[in-house]
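Reading through the structure tokens given below for one structure.
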Amino acid sequence: MGKLLFNVLAMVSEFEAGLINMRTREEMKVAKANGGLRGNQPKLTVKQEAQLPELHDAGEYAMTEMA
């Protein structure tokens, strides 16, 4: 009897996990369609990234200072 109970509980929890995954994927599709799913944004702009090697080569700043 105990084995049957644990199997039923495991089946229900697995079903719930599947529902959560399905809802999450649907919400991500909606967010992506609305432009809300963009991931991590870069810390520096392209212009700032291009300027870093110039500053280092000129000797104005050390690598640790620029980091």
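Just so you know, the sequence shown maps onto residues 3 to 69 in the working numbering. A virtual CB, placed ideally from N, CA and C, is assigned to each residue, including glycine.
For His-58, which option in Met-68, Lys-49, Gln-50 has the closest C-alpha, if you only look at C-alpha atoms? Met-68
Host alpha helix (DSSP H) of Lys-31 (start-end): 4–35
By the three-class DSSP mapping on this structure, what secondary structure does Lys-45 have? Three-state result, Lys-45: coil.
For Leu-39, which residues from the same chain have a beta carbon less than 8 Å from its beta carbon, with the 5 sequence-adjacent residues on both sides left out? Met-30, Ala-33
By the DSSP assignment, the alpha helix (DSSP H) with Glu-67 in it spans what residues? 65–68
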